[in-house]
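S.K.: Residues 8 to 85, numbered by my numbering, are exactly what the sequence shown covers, in order. Okay, handing you the structure first.
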Amino acid sequence: LFDEFEANETPEARFAHAMDNFQPLLLNNSNDGGDWKEHQVTAEKVYGRQSKTKLGSETIYEVTDQILQNHIKKGNLK
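Structural data, given as structure tokens:
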């Protein structure tokens, strides 16, 4: 199962990756981007981490993009 996840080739593995990347984003969103601000994380870095999310779920990617755009506007991500 772990090998399948790491290979990221099946729809299930791609969805698992999308969820795996989504969870830290939700945590940062729940603290109003505090960790991003504290560590001066860039939007480019977060988008890079989320680059394969769309392969697993377009819906999760759309929500991810909305969250990130909101934090860019707030100045929490540079």
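Even for Gly, the Cβ is constructed at its ideal location relative to N, Cα and C.
1) Using alpha carbons as the reference points, say which of E51, Q57 and A25 lies closest to I79.
2) Is it true that the CB of A25 sits closer than 8 Å to the CB of I67?
3) Going along the chain, which residues of its own chain have a beta-carbon closer than 6 Å to the beta-carbon of G63, five neighbours each way excluded?
4) Mind checking whether N28 and Q57 have CB atoms under 8 Å apart?
5) Work out the CA separation of L33 and D10 for me, nearest whole Å.
M.R.: Quick answer:
1) When the alpha-carbon of I79 is set against those of E51, Q57 and A25, the nearest one is in E51.
2) yes
3) R21, F22, H24 and A25
4) Yes, they are a contact pair.
5) 26 Å
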